[in-house]
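K.L.:
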Amino acid sequence: MHAATAINSQVKTTCCYCGVGCGMLVETEQVSGKLRIKSVTGDPAHPANLGRLCSKGATLHLTAQTHVYEQTRAKHPEWRHSKDAARTRANWDQANELVASRFADIINEHGPNSVAFYVSGQILTEDYYVFNKLAKGLLGTNNIDTNSRLCMSSAVAGYKRSLGADAPPCNYEDIDRASVIFITGSNAAYAHPVLFRRIEAAKEKNPALKIIVVDPRRTDTAQAADLFLQILPGTDIALYHGMLHLMLWEGWLDQTYIDAHTEGFSDLKALVKNYPPKTVAQLCGISESELFEAARLFATSTATLSLYCQGLNQSTSGTAKNSALINLHLATRQIGKAGAGPFSLTGQPNAMGGREVGGLANQLAAHRDLGNPAHRREVADFWGVTDVAEAPGLTAIPMFEALRSGRLKAIWIVCTNPAQSLPDQTLVHQALEAAEFVVLQEAYTNTATAPYADVLLPATTWAEKEGTVTNSERRISRVNPVIAPLGESKNDWQICLDIARLIEKKLERPRRLKDSSLFNFTTAEEIWLEHRALTKGRDLDISGLSYEILDTQGPAQWPYPEGATEGQARLYEDGIFPTATGRAKFLTEDYRSTAEATSARYPIALTTGRLRDQWHGMSRTGTIARLFAHAPKPAIDLSAADAQRLDLHNDELVYVTSARGVQVLPVSITTSVRPSQAFVAMHWGSEYVAGHAGKSMSLGVNGLTSSARDPISEQPELKFSAVKVTKANLP
Ligand code: SF4
């Protein structure tokens, strides 16, 4: 399925934006002898979207056609030999040799933990696999983490601790089978639009379906709710414990299921006695009747499906929030049956694939644990290396802290933009300035991280790549190339392999046990087959699946073991969980407040999130004029009460100041936030927000956010920063 066979034809591939993982049909045409993408349409045969596409997916072909696109794509390698110099064009041999030499020299002098990799949920499973093997296998460092740390690591930890495995038990069809949909910490209308349309369609078909939305903001998702709980920021755990308190009191629990399939309930029962309705309602800022109705609907429906996302995960209590929500499902047996279960939505298109290959600093391939000596030995033997290091690697934020302090010398950043997306941007920019050597593997040059790169390695992007991705419902889909790579750009896995083979020859203390290279792959499929072999016998076993099956029969869910004829739609229908005892665990963790509190100095709680029509740092969506129609410019959403108190009007510029920085933004007075709360979209970078004053203002909203993080998942608290808002007296 290569570009040459795609002339004037239709190619099936997968949308590269979000974790819904929509299938699409791409039509091509010949224009002046050049193969171009003519259109994209939703693939009616793909189970994730059934032919639907959202505004981002439906304009994806335009991102590959514009003049801006041609200007902003990285088309050939670039390098520089001193920090003061401008990068100049290099050829691939020169760039590869420089990266391999610098990485090998630094490792030879300072050891393997002096280098790190910061990768992305945008890359394909095959790309993720080889980078993980390079870091943990060849180099002997676990310093590989991903921008998915910012969006789903609390969900990973939540599933593992409560249910025994990082495996979402549900699928999208459960939306059509649910009686109650409990959307908590998710603005699905914007972040997962096609899924939200499926919810709307389910409601149209079945008006008895109840939709409950829990969110500090009155979002477009909340507009569709039968019951909307506008809780105060960060109070989710108190809400869930309060609901369980009521369920206990009212006798709405399934004691038979609790006794047969779970453990730890008595401790939780004792804890939630401390969450009576009046206390919880006050703490959460809702009424007791709203709390009661949420508990009643959740517990007594025939099938309750929870959908949750960053509102739970991006928190210093993110893991505990996930566990507290899963407690509700276990206690009411809203799990292991059609239309029910705790369903975490992944933000990026392949955050799930990264989890499968162990592409995080604390994971190993195929859901193996870094802390388990037997798992480390299995992987080391499989790869043919001396060992896999025991100590967890640096997760996203500590990675940049180590770079700033000099403990880490070199970083290889793959298809992500930390100089905009990580919290506490002052730290990140200082870290990138302090780094001895920065490699950036990217498809675009218009990112805030690009100026820091000592070497730029041009990567292919959507419509040029081949491999697989896994969406939120464990469904693996093929990604197929439609057009030839632009310029000299190469697939991410190819770039990794070329440099890995050079590094193999330069290491003074080789860890490889065999004579041949660890990276003797020539196609994406060969990489996938090695990944597949590592999954055999594991909870995500895909030993019965192949590229051919995916191409001929369509996308499939894991597990898909040898001999299977289809993937497994739902998990835990037999009530047996992959824990040591076979029972799911009730986790007993108290509500705790956010890391920062509002104060007299910083009286407003700022939260961040997505817009409907933009994606991440806007490298792609920012090149499409029509995608600005919905939200044409950055703004800070404030309540009318705050605007009046501060004597502010729509579009008036304000300083937004936190303990970490200051931004200048126009005001948007809205009913979506309560008094003393504010919202700024995450997408706007320096080119939109800067220009009013000094450098500290040119960091986007993450110049304000905090790097405080969950102690288990290490996910940062992007959903809460204490800020003050004052009139901007600009010249
Ligand atoms: Fe792409 Fe997500 Fe929109 Fe589907 S919902 S078209 S995967 S951005």
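Heads up: the sequence shown begins at 1 in the UniProt record's numbering, then just goes up one per residue.
Just so you know, even glycine gets a beta-carbon here, dropped at the ideal spot from N, CA and C.
Keep in mind the model is a prediction, meaning the values are calculated, not measured.
(1) Alpha carbon to alpha carbon, how far is Gln-363 from Ala-324? Give it in angstroms, no decimals.
(2) Consult DSSP for Pro-373 and reduce its assignment to one of helix, strand or coil.
(3) Suppose contacts are defined by Cβ-Cβ distances below 7 Å. Is Ala-631 in contact with Leu-611 by that definition?
(4) Applying the 10 Å Cβ sphere with the 16-neighbour rule, what's the burial state of Tyr-17?
(5) So, with DSSP's three-state summary, where would you put Thr-319?
(6) Within the segment 447 to 493, note down every full beta strand (DSSP E) run reaching 3 residues or more, in order along the chain.
(7) Measure the Cβ-Cβ separation of Tyr-159 and Gly-359 and say whether it is below 7 Å.
(8) Answer yes or no: do Ala-48 and Asn-471 have a C-beta to C-beta separation smaller than 7 Å?
(9) Within its chain, find whatever has a CB closer than 6 Å to the CB of Ser-55; leave out the 5 residues flanking it on each side and keep chain order.
(10) Under a three-way DSSP split, which group does Met-243 fall into?
(11) Looking at Gln-373 and the ligand SF4, is the gap between the Cβ and the nearest heavy atom below 6 Å?
(12) What are the partner residues of Pro-716, as DSSP defines its beta bridges?
(13) With 16 other CB atoms within 10 Å as the buried threshold, where does Asn-729 fall?
(14) So, with DSSP's three-state summary, where would you put Ala-605?
(15) Would you report the Cα separation of Glu-29 and Ser-39, rounded to the nearest angstrom?
(16) In three-state DSSP terms, what is Ala-324?
(17) So, for Glu-504: in the same chain, excluding its five sequence neighbours on each side, which residues have a beta-carbon less than 8 Å away from its beta-carbon?
(18) Looking at the ligand SF4, does it come within less than 6 Å of Phe-20, judged from the CB to the closest heavy atom?
(19) Rounded to whole angstroms, what's the CA-CA distance from Gly-164 to Leu-370? Just pull it up for me.
(20) On the DSSP bridge list, what partners appear for Ala-556?
(21) In terms of residues, what are the limits of the beta strand (DSSP E) holding Trp-412?
(22) Sorted by chain position, which residues of the same chain lie with C-beta nearer than 7 Å to Lys-536's C-beta, five sequence neighbours on each side aside?
(23) Can you give, in chain order, each stretch of the alpha helix (DSSP H) that sits fully within the segment 227 to 304 and has at least 4 residues?
(24) Could you give the C-beta distance for Tyr-452 and Ala-419, rounded to a whole number, given that I count them as a contact under 8 Å?
(25) Less than 6 Å between the CB of Leu-53 and some heavy atom of the ligand SF4, yes or no?
(26) For the alpha helix (DSSP H) containing Ala-86, list its first residue and its last residue.
(27) Taking the straight line between their C-alpha atoms, what separation do you get for Arg-377 and Arg-368?
(28) Between which residues of its own chain and Ser-9 is the CB-CB distance below 8 Å, once the five residues before and five after are set aside?
(29) Let's see if you can read the secondary structure: which residues bound the beta strand (DSSP E) around Ile-37?
(30) Looking at the unbroken alpha helix (DSSP H) that takes in Asp-174, where does it start and where does it end?
(31) Answer yes or no: the CB of Gly-57 versus the heavy atoms of the ligand SF4, is any distance below 6 Å?
(32) In three-state terms, what does DSSP make of Asp-145?
(33) Would the beta-carbon of Tyr-118 be found less than 6 Å away from any heavy atom of the ligand SF4?
(34) Could you check if Thr-146 is buried or exposed, using at least 16 other CB atoms within 10 Å of its CB as the buried criterion?
(35) Could you check if Val-194 belongs to the surroundings of the ligand SF4, using beta carbon to heavy atom distance under 6 Å?
(36) Within 10 angstroms of its Cβ, does Lys-12 collect 16 or more other Cβ (buried), or is it exposed?
P.N.:
Taking the definition as stated:
(1) Residue numbering aside, residue 324 sits at position 324 when the sequence shown is read from its first letter. Residue numbering aside, residue 363 sits at position 363 when the sequence shown is read from its first letter. C-alpha separation (whole angstroms): 23 Å.
(2) Translated into positions along the sequence shown, residue 373 becomes position 373. In this structure, Pro-373 counts as helix in the three-state DSSP scheme.
(3) Here residue 631 refers to the residue found at position 631 when the sequence shown is read from its first residue. Here residue 611 refers to the residue found at position 611 when the sequence shown is read from its first residue. A contact, by the Cβ cut-off of 7 Å.
(4) Residue numbering aside, residue 17 sits at position 17 when the sequence shown is read from its first letter. That one is buried.
(5) Position 319 of the sequence shown, counted from the first residue, corresponds to residue 319. Helix at Thr-319.
(6) 455 to 458, 467 to 470 and 475 to 479
(7) Residue mapping note: residue 159 aligns to position 159 of the sequence shown, counting from 1. Residue mapping note: residue 359 aligns to position 359 of the sequence shown, counting from 1. Their beta carbons are not under 7 Å apart, which means Tyr-159 does not touch Gly-359 by this criterion.
(8) Counting from 1 along the sequence shown, the entry for residue 48 is found at position 48. Counting from 1 along the sequence shown, the entry for residue 471 is found at position 471. In this structure, Asn-471 lies closer than 7 Å to Ala-48 by Cβ.
(9) Within the sequence shown, residue 55 is the residue found at index 55, counting from 1. Asp-613, listed in sequence order.
(10) Translated into the one-based positions of the sequence shown, residue 243 becomes position 243. In the structure shown, Met-243 sits in a helix (DSSP, three-state: H, G or I).
(11) Looking up residue 373 in the sequence shown gives position 373. For clarity, residue 373 is Pro in the given sequence; the question names Gln instead. No, the ligand SF4 has no heavy atom inside 6 Å of this Cβ.
(12) Along the sequence shown, one-based indexing puts residue 716 at 716. DSSP, once it has assigned bridges, lists Arg-709 as partnering Pro-716.
(13) Locating residue 729 in the sequence shown gives position 729, counting from the first residue. Asn-729 comes out exposed.
(14) Against the sequence shown, residue 605 aligns to sequence position 605. Correct three-state label for Ala-605: strand.
(15) Here residue 29 is taken as the residue at index 29 of the sequence shown, counted from 1. Here residue 39 is taken as the residue at index 39 of the sequence shown, counted from 1. One C-alpha to the other measures close to 9 Å.
(16) Taking the sequence shown and counting its residues from 1, the one referred to as residue 324 is at position 324. Correct three-state label for Ala-324: helix.
(17) To locate residue 504, count along the sequence shown from 1; it is residue 504. Answer for Glu-504: Leu-138, Pro-510, Arg-512, Ser-517, Leu-518 and Phe-519, listed in chain order.
(18) As a working note, residue 20 is residue 20 in the sequence shown. The question names Phe, but residue 20 is Val in the sequence shown. It does: the Cβ of Val-20 is within 6 Å (strictly closer) of some heavy atom of the ligand SF4.
(19) As a first step, residue 164 is located in the sequence shown; it is residue number 164 there, counting from the start. As a first step, residue 370 is located in the sequence shown; it is residue number 370 there, counting from the start. Roughly 15 Å between the two C-alpha positions.
(20) Mapped onto the sequence shown, residue 556 falls at position 556. BP columns for Ala-556 point to Ile-476.
(21) Here residue 412 refers to the residue found at position 412 of the sequence shown. Segment 410 to 414, the beta strand (DSSP E) holding Trp-412.
(22) Indexing the sequence shown from 1 puts residue 536 at position 536. Closer than 7 Å at the Cβ level, and outside the excluded window around Lys-536, lie Ser-543.
(23) 236 to 250, 255 to 261, 265 to 272, 277 to 284 and 288 to 300
(24) Translated into positions along the sequence shown, residue 452 becomes position 452. Translated into positions along the sequence shown, residue 419 becomes position 419. 7 Å between Cβ atoms; contact.
(25) Here residue 53 corresponds to residue number 53 of the sequence shown, with the count starting at 1. Short note on Leu-53: C-beta closer than 6 Å to some heavy atom of the ligand SF4.
(26) Taking the sequence shown and counting its residues from 1, the one referred to as residue 86 is at position 86. No alpha helix (DSSP H) contains Ala-86, which DSSP labels as neither H nor E.
(27) Taking the first residue of the sequence shown as position 1, residue 377 is located at position 377. Taking the first residue of the sequence shown as position 1, residue 368 is located at position 368. Cα to Cα, the separation comes out at about 11 Å.
(28) Position 9 of the sequence shown, counted from the start, is the residue given in the question as residue 9. Correct list, in chain order: Glu-27 and Thr-28.
(29) Translated into positions along the sequence shown, residue 37 becomes position 37. From DSSP, the beta strand (DSSP E) with Ile-37 extends over 34 to 42.
(30) Mapped onto the sequence shown, residue 174 falls at position 174. Residues 173 to 177.
(31) The residue given as residue 57 occupies position 57 in the sequence shown. Because some heavy atom of the ligand SF4 lies under 6 Å away, the Cβ of Gly-57 counts as near it: yes.
(32) The residue labelled residue 145 in the question sits at position 145 within the sequence shown. Of the three classes helix, strand and coil, the one that applies to Asp-145 here is strand, per DSSP.
(33) Along the sequence shown, read from residue 1 onward, the residue named residue 118 stands at position 118. Tyr-118 Cβ: outside cutoff for every heavy atom of the ligand SF4.
(34) Numbered from its first residue, the sequence shown carries residue 146 at position 146. Buried, because 16 or more other Cβ atoms sit within 10 Å of the Cβ of Thr-146.
(35) For the purposes of this step, residue 194 is taken as the residue at position 194 of the sequence shown. Yes, Cβ of Val-194 sits closer than 6 Å to a heavy atom of the ligand SF4.
(36) Translated into positions along the sequence shown, residue 12 becomes position 12. Answer is buried; the Cβ neighbour count reaches 16.
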